[in-house]
Structures are given as structure tokens and as C-alpha cells.
Amino acid sequence: MKTLDRLKKSIRWRYRLIPVPFSYGREFRSKFRFVRRSLAFTDEQLYEYTWNRLTALINFTYHNTVYYRQLFDELDCRPEDIKTPADYLRLPTTNRLIVRENLERMKPRNFGNTRPIKTVTSGTTGLPLKLYRSQSHEALRKAIVWRHYNACGYFFKEPRATLGRPLDFPQKHQYTHEDLLENNLWLNSYHLNPHDFMHIYGALADRRPKMLVGHPSAIYTFCLQSERAGVKAIPIPIVYSYSEKLYPHHLKKFQEYFGARIFDYYGNRENTLAVTQLNCGNYHINPEFGYVEFVTGSRHSNVGETGSIISTPLENYSVPLLRYDTGDLGKPLGKCPICQIPHPTMEILGGRGKDILVTRDGFVNCHLDTFLARNGFVGADYIQVVQREMDRIIVRIFPNLNYVRERDEEHLRRLAKDCLSGYFEVDIEQLDKPPFTEAGKMPYVISELAGYGPNQHTSQL
Ligand SMILES: [Zn+2]
1 MKTLDRLKKS
11 IRWRYRLIPV
21 PFSYGREFRS
31 KFRFVRRSLA
41 FTDEQLYEYT
51 WNRLTALINF
61 TYHNTVYYRQ
71 LFDELDCRPE
81 DIKTPADYLR
91 LPTTNRLIVR
101 ENLERMKPRN
111 FGNTRPIKTV
121 TSGTTGLPLK
131 LYRSQSHEAL
141 RKAIVWRHYN
151 ACGYFFKEPR
161 ATLGRPLDFP
171 QKHQYTHEDL
181 LENNLWLNSY
191 HLNPHDFMHI
201 YGALADRRPK
211 MLVGHPSAIY
221 TFCLQSERAG
231 VKAIPIPIVY
241 SYSEKLYPHH
251 LKKFQEYFGA
261 RIFDYYGNRE
271 NTLAVTQLNC
281 GNYHINPEFG
291 YVEFVTGSRH
301 SNVGETGSII
311 STPLENYSVP
321 LLRYDTGDLG
331 KPLGKCPICQ
341 IPHPTMEILG
351 GRGKDILVTR
361 DGFVNCHLDT
371 FLARNGFVGA
381 DYIQVVQREM
391 DRIIVRIFPN
401 LNYVRERDEE
411 HLRRLAKDCL
421 SGYFEVDIEQ
431 LDKPPFTEAG
441 KMPYVISELA
451 GYGPNQHTSQ
461 L
């Protein structure tokens with residue numbers, strides 16, 4: 001037994017000692033070197049680089065995919081005709097509904113050689129979408145994220161904690177999970193309910209990370225539960241938020257509670273763009289990763305004007321996407337007046353939701369979609385949770401062929417109750433059609449009680 005313990009201890013130490021860039025592989029190291037170098041590019045160099053990568057991708061799609069060959073032919077256009085951003089604007093956009101229907105035709109003929117990694121985005125903001133990203137694209141994504149971490153003052157192997165979704169854990173009900181290689185402690189946001197909160201609080205307080213990563217709604221819930229429980233605040237130098245809109249009341253709370261500097265990352269699950277908030281407070285587009293356009297009507301938006309955010313991931317040759325409509329709105333803001341880097345800045349206006357429900361004890365994060373998937377419920381193509389009163393929620397589903405109401409409705413109700421710690425009576429509502437926006441998105445959680453302003457939140461406590 002003692003030998004086994006010693007062995008385990010030695011393996012743990014080995015993991016701790018392996019440098020992160022080494023474990024990520026050669027492709028990551030070369031891309032990480034590149035993205036540090038490209039920070040010093042001039043505007044012209046950066047434009048030339050991204051335009052070359054974009055042209056290469058356009059050519060590739062035309063010569064290797066059935067979908068884009070047909071699209072170009074129907075437009076009577078050839079890749080060589082696209083010489084300027086205005087030419088590129090004339091190509092139609094794509095979105096998650098189009099990808100869902102045409103995935104096979106969008107795959108290139110040498111698909112296997114692109115080293116594809118499968119991703120399934122969950123049904124939280126629309127129908128589940130199956131996609132592939134190449135290993136090279138993934139290495140670049142990691143390089144961009146680490147360049148951003150470094151800019152925030154966080155470096156390899158420093159202690160980090162992440163408030164993750166149940167999906168991120170080997171077993172969904174686990175409180176914590178340790179990633180020794182990254183020196184990252186995963187905390188399960190499923191347990192941010194008043195009953196289990198102290199397990200998560202204790203783990204974070206013991207950890208004292210340099211950086212806390214998470215969805216702003218989860219981090220916000222953490223702060224509120226902590227205040228409600230009357231336990232003292234945990235000082236953490238850096239809070240890193242991603243995946244949802246970061247609201248002013250989040251910022252205020254994170255500054256007060258953790259004494260932290262806050263940095264935000266804006267991307268999407270389809271990995272078509274990466275936008276990072278730097279020390280200046282502005283959101284910088286990372287053009288090495290995705291070519292971003294803002295479109296108002298049928299033209300590119302002016303600086304300061306609201307437009308749809310359309311992006312083209314430059315390195316994903318597994319399922320190349322040209323002009324992907326993210327479903328979000330934003331404004332191009334041009335050059336940063338503070339930073340000496342060529343990356344343009346932007347403002348994000350919305351589209352990204354949050355997933356908080358209000359209970360008599362405080363707040364819970366809603367993970368019903370992943371919870372149902374984990375428990376084998378496959379009867380709905382999409383799910384929406386609506387809260388109009390304190391102790392009651394409506395679970396709206398758009399059923400598919402697997403759904404038999406007499407058999408499944410009660411099961412669904414029980415799962416929803418269990419997932420939300422028994423806080424709510426659950427009504428099930430069946431929809432005839434999904435109420436999507438044009439880009440195929442829909443809000444996953446609508447809580448009329450959660451509101452958006454800090455005043456509404458405090459009045460609930
Ligand atoms: Zn800046």
C-alpha cells in the first residue's frame with residue numbers, strides 16, 4: 001500500500017513538473033512563438049498575413065469541398081476574383097443551421113489528413129451542432145488563449161481554479177477535479193446551490209489561485225452565495241471571464257469581492273473568432289485566429305456603427321467555414337488608443353445569454369441541457385427554461401421522434417427537478433417549432449426574476 005502511495009505521489013510530481021508548452025506539443029510551441037512575434041507586426045504586416053491566410057482558405061474550399069465549389073459556381077465566381085474585403089463581402093454568410101444541414105458537403109476530400117477533432121456544441125443556444133476543428137486550429141486557439149493569459153499577468157503552472165460545468169468533470173456530481181499538468185483546480189458550478197456551496201467555497205479558499213476562470217454568471221453566483229453564507233471573501237488577483245456577456249454589475253462585484261482585475265474573453269463554441277480584453281480595458285480582435293467582419297445591411301459597418309459579427313476561422317481546414325454568422329452584434333472600434341499593437345478593437349453588444357435562476361435561498365445555475373444529455377434523455381432537439389415566478393419553472397421542449405409524451409413527460413419533469421436541487425415545480429410545455437433567431441440561436445434560460453441590474457439582484461437576497 002505504501003509503495004502504491006509513493007508511486008502515486010511520484011506520478012503527481014512528474015505531472016507537476018512537465019512544462020505546459022511541452023505537453024501541448026510542437027505545433028502549439030511553434031504557434032505560441034508566432035503569436036508572440038506577431039504582436040510586433042505593423043498594421044500592414046498583419047493585414048498581409050491575414051489576407052494571405054484567408055486567400056489560401058478560400059482557394060482550399062473551392063478545390064476541396066463540394067459545398068463551396070457549388071456555391072462559387074452558382075455565383076459565377078472564382079477564388080481569384082476575391083481580391084479585396086469588399087469582394088469577400090459578396091460571398092453569402094453561413095450559420096449553424098446551414099452547417100448542420102451541409103456538414104458532409106463542407107468536409108474537404110482530404111478530411112482525415114486534417115487531423116479533425118470532433119466537437120458537439122450543446123443545445124444551449126440552438127440545436128446541437130456537430131463540428132470538427134483541426135488539431136492545428138486547436139493549437140492556435142490555445143496559443144491565443146495563453147498569449148492572453150500572459151498579458152493578464154498569469155503564466156504557465158501558476159495556481160489556477162476554474163468554475164466549470166458538470167460536463168467538464170469525469171463524474172457530473174464531483175465537487176472538484178484537479179488538472180495537475182495545468183495546475184488547475186476545477187470546481188463544479190453545479191454545486192453553487194445553497195446546500196453544497198460550502199464544498200466549493202472551501203476548495204477555492206484552500207487553493208488561493210492566482211487566477212479564477214469561469215462564466216461570469218457562475219462567478220457572480222459564487223460571490224452572492226458566499227455573502228449570503230456570511231463567509232469571508234477570498235482574495236484572487238485575476239478573474240478571467242468567458243462565454244457569456246460580462247455585465248457592469250459582474251465587474252463591480254468581482255472587484256469588490258476578490259479585489260481582482262477582470263479580463264474577458266469573447267469567442268464562440270464554434271471557435272470561429274477570438275476577442276480578448278487587455279489591460280487597456282478594450283476588446284482586441286485576434287486576426288491571426290479569425291478574420292472578423294462587421295456587417296450592417298449589405299455593407300461593412302463604419303467605425304462605431306452596430307453590425308452583425310461575421311467571422312472566418314483561418315486555420316480550421318477540417319470543416320472550413322467562410323463568413324460564419326455568429327448571431328452576435330457588435331461595433332468595430334478601430335485602433336486602440338492605448339495599446340501599441342496592431343489588433344483592432346471592438347464592442348460586443350449582445351447575443352450571449354446567462355443561465356441563472358432565482359430561488360428563495362439565492363441563485364442556481366441551470367445546466368439542464370447537459371444534465372438531460374448525461375441522463376440519457378434524447379427526446380428533444382432543444383430545450384428552453386423559463387422562470388416567471390419564484391418556485392416554478394417552465395421547461396419548453398421541441399420534441400423529436402424519440403419523444404413519447406405519455407412515457408417521457410413525467411421522466412423529464414423528474415430530471416428537471418433533480419437537476420435544480422428540488423427548488424422548482426416544473427411545468428412542461430411542448431412547442432410546435434423552435435423560436436430561433438435568423439442565426440439559429442435562442443435564449444436557453446429566461447428568468448424574468450433574475451433581471452439584469454445589480455439592484456434587482458440584491459433585492460432578492
Ligand atoms: Zn488596448
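For the sequence shown, my numbering assigns the number 1 to the initial residue and increments by one for each residue that follows. No residue lacks a Cβ here, since even glycine has one placed at the ideal position from N, Cα and C.
query	result
Cα-Cα separation, Gln384 to Cys366	10 Å
Local Cβ density within 10 Å of Asn110, reported as buried at 16 or more and exposed below that	exposed
Pairwise C-alpha distance: Ile144 and Phe34	10 Å
Nearest-angstrom Cβ-Cβ length linking Leu357 and Ile397, presumed shorter than 8 Å	Actually they do not touch by this definition, with Cβ atoms about 17 Å apart.
Integer Cβ distance of Ser311 from Val292, believed to fall under 8 Å	5 Å
Thr345 beta carbon near ligand 3 (any heavy atom closer than 7 Å)	Ligands displayed in this structure: ligand 1; ligand 3 is not among them.
Sufficient close CB pairs (3 or more, under 8 Å) joining the stretch 125-139 to the stretch 339-347	no
Residues sharing a beta bridge with Asp432, DSSP	BP columns for Asp432 are empty, so no partner.
DSSP-derived helix/strand/coil call for His177	strand
Chain-order list of residues whose beta-carbon lies under 6 Å from that of Gly259 (same chain, five-residue window excluded)	Pro235
Contact the stretch 298-318 vs the stretch 10-18: 3+ CB pairs below 8 Å	no
Rounded separation between Glu409 and Ile428 - CA only	7 Å
The stretch 205-221 in contact with the stretch 235-244 per 3-pair CB rule at 8 Å	yes
Contact check, Asp196 vs Trp186, beta carbons under 8 Å	no
Three-state secondary structure (DSSP) of Asn188	strand
Residues near Asn183 in its chain [Cβ-Cβ closer than 8 Å; skip 5 each side]	Arg16, Lys157, Glu158, Pro159 and Arg160
Tyr403, DSSP secondary structure in three states	coil
When Val20, Tyr190, Glu80 and Phe60 are compared against Thr162, the one with the closest alpha-carbon	Tyr190
Rounded separation between Lys354 and Glu244 - CA only	Any reading at Lys354 needs caution, since the residue's pLDDT is 49, under 50, leaving its predicted position unreliable; the model's value is listed next. Roughly 6 Å between the two C-alpha positions.
Whether Leu322 touches Thr94 by CB criterion (8 Å)	yes
Buried versus exposed, by CB contacts within 10 Å (16 or more), Cys218	It should be pointed out that residue 218 corresponds to Ala in this sequence rather than to Cys. It is buried - the Cβ of Ala218 has at least 16 other Cβ atoms within 10 Å.
Candidates Tyr283, Gly376 and Ser298: closest to Gly330 by CA position	Tyr283
Option in Asn286, Asn302 and His215 with minimal Cα separation from Tyr47	Asn286
Same chain, Cβ closer than 8 Å to Phe28, neighbours up to 5 away in sequence not counted	Pro21, Ala139, Lys142 and Ala143
Cα-Cα separation, Leu204 to Gly164	13 Å
Local conformation of Lys245 per DSSP, three classes	coil
Residue range of the alpha helix (DSSP H) that includes Ile200	Phe197 to Arg207
Assigned exposure category for Val303 - 16 Cβ within 10 Å defines buried	exposed
Three-state class that DSSP yields for Tyr15 in the structure shown	helix
Nearest residue (CA-CA) to Glu347, options Thr84, Thr55, Gly281 and Ile82	Gly281
Phe32 - containing alpha helix (DSSP H), residue span	Arg26 to Arg37
CA nearest to the CA of Asn193, picked from Gln255, Ala229 and Gly297	Ala229
His137 classed as buried or exposed, judged by whether at least 16 other C-beta atoms fall within 10 angstroms	buried
Pairwise C-alpha distance: Tyr247 and Gly453	Its pLDDT being 28, under 50, Gly453 is placed unreliably by the model, and the measurement read from it follows with that caveat. Rounded to whole angstroms, Gly453 to Tyr247 spans 9 Å at the Cα level.
Contacting residues, own chain, Cβ-Cβ under 7 Å from Ser447 (five flanking each side not counted)	Ile356, Leu357, Val358 and Gln387
Neighbourhood of Tyr266 by C-beta distance below 6 Å, restricted to the same chain and skipping five residues each side	Val275 and Ile348
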